[in-house]
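Be aware that the sequence shown starts at 16, since it is given in this note's numbering, and climbs by one per residue.
We treat Cβ as the ideally placed atom computed from N, Cα and C, and that holds for glycine.
Keep in mind the model is a prediction, meaning the values are calculated, not measured.
What follows is one structure encoded as C-alpha cells, with my remarks underneath.
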Amino acid sequence: MHILLVASAFNSLTQRVHVELRDHGHMVAVELALPERPLAEAVRRHVPDLVLAPMLKTAIPREVWAAYPCFIVHPGPFGDRGPSSLDWAIQRGADRWGVTVLQAVQDMDAGDVWASVDCVVPPVGKSDLYRGEIADAALTAVLLAVERFASGTHTPRPQGPAHAEYTPVRIRPYLDQSVRRIDWDTDSTETVLRKLRAADSQPGVLDVLCGAEWYLHGGHPEDGLRGAPGELLATRAGAICRATTDGAVWIPELRRRRAPGQPPTYKLPAAQALGDRLPSLPELAAPDCADPRRRTWTDIGYREEGSVGVLSFSFPGGAMSTTQCRRLLDAYRQACARPTSVLVLGGQRDFFSNGIHLNVIEAAEDPAAESWANINAIDDLVEAVLTTTDRLVVSAVAGNSAAGGTMLALAADEVWCRAGAVLNPHYRLMGLYGSEYWTYTLPRRVGAATADRLLGEALPMSAASARDLGLVDRVVDCGPGDFAEEVGRLAIRLAALPGSPSRIAAKKAELERQECGEPLAAFRERELTRMRRTFDDPDAPYHALRRAFVHKRRPESTPPHLGLAATTATRTAAGADRSTRARVTGTALDDLSRRPDGWYQES
C-alpha cells in the first residue's frame, strides 16, 4: 500500500513506523502537520491508500478523515483518551499500559479501534519507555491494524456502550505543572521519581533551584546520601543529587524557564546549567563495583563476567559532549587493561549514541571551538576502538543511534543491535560532512556506492535492514529490558569460541596492513579538514541548523527527502558491494555457514 505518515515531528516513533512499514514492502511518505501548511492539500497530493499518524499533537481536519481512512496511534490502552496519557500512567505508577490504533473522527481518540496492544511499564523515564516498550507495542498494533485494513474484511471495534464488550472511556486531562509539582518537604523518593519520570524529556518538572526557576529533566534514585528535603548534596558527571524525605534523587539535566520575549531554552547538564549559582558540593566518583542492592546513578559503568568485560554508558538524549567523550575514553582504556578477550561497548537500554552534543556546543562561548573540541574527542574514542587489537570489541546497540554515534558503533569488530533500534547513518541534515572515521568504516562494511547512498538519502533504517546491508552483524530480538542480559550471554559464548583467538590475531594483522598502506590517520585528517572549514565558517549551514535543532524551531515545510514515497527496494542493491567489505568483522562464527562466495550467512 501507499501509506502517508502525518506527524507533528519526525520523532523516534514516526521513524520507527516509517522503517518498519518500508521493511514490510509498503510505499511510505511523510508529511509534517505544520500551522501554515494546509494538511488536506498535502494529503491530496500524495493520494494515499491510508493515512497514519504515529505522533500528532493536532487534530486531523474533517476534510482529510472524511476523504481518506486515517489511523491515529494513541499511547494508551483501549478506552483511554487525552493528550497526557503516558504521563498519567507513569505518574500514577501503572505497571502495565498499552497502545491503541484508532480511526480518526470528529472527537479526539474516539474513533473505532483497529488494534490495541498491551505492554509492561518498567521504572524508567517517559522518553526511554516511549522509545522502548511503547514503541514495540505501537509497531505491533500498527502492523496488525494495517494488515486488517488491507484485508478488507475486518470490522474495527467501536468505542461506546453499544458494543457488547463495552469498556468505560477514561478521558484524562492535560497533565499540567500544578499536578507535576514536587513538594520536597513531603514527597517520598518514589513519588519524586514518578513525577520526574513522567515529565522526561518534555515538559520537565518546573521547580525553584538556587534562586531561579528551572525545569528538571531525568530522575534516578540514590539511597546512600541523606540531607534536609530539597537540599543539594553532591554532583557526579554533571548531574546534581537532591535530598528527598527518605533518600535522594539524581537529576542529570536542567532547562531554564523561558523569560517573556526570549528565545526557547534548552536542556544542559545540571551542573553546567547552574553555573555560578551552584553551591560548593562534593563531586562523587561512581562506585567501582556497584552493589546491585544499592540504588545510585552513573552514566558510565563497567562489569566483568569471566573473560567478558562490559563497558556500559547512557548519556541523556544520546548526545556526547567533549567531557563525556573523554570520560568514556578513559573508561575504555581502563577496560582494555583488564584481562578479557571480549569487550562489549554499549548501553543497557535506550540510545546508543547520537554523536556530538549540540546543546553543549550551542551554550559554549565559542560554538565553533567547542564543535572542534567535541569532534576530536569522539574521534579519539573511535580511534581507540579501531586500534584495539588484543581482544574482540562488540558494539551493543540497545536503542537508536545517529550520525557519529552510529559510526562509533561501526568501529567495533561486531555490531549487535536490538530489533527495535532505528539507525540514522548520515550527517547532512545537520550540514556536516562527518568524521568518526566514517570514510574508513562505512565503505568497508557496505561498499562505497551504498555508503554514498545512505549518506545522501539521509533516511532512518531498521536493525533488520542494517543487517541486510552488512551495517549490523546480529539483530537481537528481545524487549528493551532483556537486551543487556541477552548480550551478556552472547558475549560469553563468543569468548568461548575456538576461533576467537585467531580472529584477534587476524584483526591485528589487518590493522598492520592498513597502516602500511593508507593509515587511519589519513582518513581522520581528510574528514577533519572538511569539518574544520565548516566549523570556522559562520555562514555555513551547520550553525543555523544547529541553532534550529537546539531551540526546537519548527520547519517551514516538510523536508523534501521525507515527502518522497520510499520502500526498501533500493537497499537490496548493496549486494553488489559486498566484495569490498572487511572480512575480520562479522557475526559469531558458530551461528553461520560459509556461502560459496566466501561470505557468511545465517544458518
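A distance below 7 Å separates the beta carbons of G233 and E268. A distance below 6 Å between beta-carbons, with the five flanking residues on each side excluded, links E385 to the following residues of its chain, in chain order: I376, A379. Residue state for M422 is assigned as helix, using DSSP reduced to three classes.
The continuous alpha helix (DSSP H) containing L401 extends over residues 382-401. For a cut-off of 8 Å, the C-beta gap from G219 to R172 is around 36 Å, too long to register as a contact. For A227, the enclosing beta strand (DSSP E) begins and ends at 227-232. A residue is called buried when at least 16 other Cβ atoms come within 10 angstroms of its Cβ; L579 does not meet this threshold and is exposed. Inclusion of L425 and T456 in the CB contact set at 7 Å is warranted, their separation being smaller than that value.
When DSSP assignments are scanned along the region 163-250, the uninterrupted stretches of beta strand (DSSP E) that are 3 or more residues long and fall wholly within it turn out to be 220-224, 227-232, 235-237. Per the DSSP secondary-structure output, H89 pairs in a beta bridge with T115.
Judged by pairs of C-beta atoms under 8 Å, the region 457-466 does not touch the region 520-537, as fewer than three such pairs exist. In the three-state DSSP reduction, V375 falls in the helix class (H, G or I). Positions of the alpha helix (DSSP H) runs, each at least 4 residues long and wholly inside the region 479-558, are given as 498-511, 515-532, 535-551 in order along the chain. For I105, the secondary structure class from DSSP, reduced to helix, strand or coil, is helix.
P69 is classed as buried because its beta carbon has at least 16 other beta carbons within 10 Å across all chains shown. Selection T73, S477, L117, Y83 evaluated against I18 yields Y83 as nearest (Cα-Cα). The criterion of a C-beta distance shorter than 7 Å is satisfied by A350 and Y317. Around the Cβ of Q339, a 10 Å sphere holds 16 or more other Cβ atoms; the residue is buried.
In this chain, G471 is not harboured by any beta strand (DSSP E); it is covered by the alpha helix (DSSP H) spanning 463-472. Note on the region 296-383: whole beta strand (DSSP E) runs with a minimum of 3 residues are 315-320, 323-328, 357-361, in chain order. Note on geometry: alpha-carbon atoms of E429 and V357 lie some 11 Å from one another.
Closest in C-alpha terms to G262, from the list I75, E501, S203, Y448, comes S203. The three-state reading of DSSP puts V32 in helix, counting H, G and I together. Closest option to V116, judged by alpha-carbon separation, among R77, L65, A104, Q106: L65.
In the structure shown, H576 adopts helical secondary structure according to DSSP, grouped into three states.
For E56, the enclosing alpha helix (DSSP H) has its first and last residue at 54-61. Between D124 and R96 a beta carbon distance of about 4 Å is seen, short of the 8 Å cut, so the two are scored as contacting. Ranking Q363, R31, R342 by CA distance to the CA of I393 puts R342 first. Between the region 568-576 and the region 477-493 there are fewer than three inter-stretch CB-CB distances shorter than 8 Å, so the stretches are not counted as touching. In this structure N439 is buried. Its beta-carbon is surrounded by 16 or more other beta-carbon atoms within 10 angstroms.
Note that the C-beta distance between R443 and A413 is not below 7 Å.
The region 284-300 and the region 220-227 touch, with no fewer than 3 CB-CB distances between them shorter than 8 Å. For M42, the secondary structure class from DSSP, reduced to helix, strand or coil, is strand.
A residue is called buried once 16 or more other Cβ atoms fall within 10 Å of its Cβ, and R459 is buried on that count. If you check the CB distance, H61 and A81 do not come in under 7 Å. A check of alpha carbon separations from S368 across A383, M546, S327 identifies S327 as the nearest.
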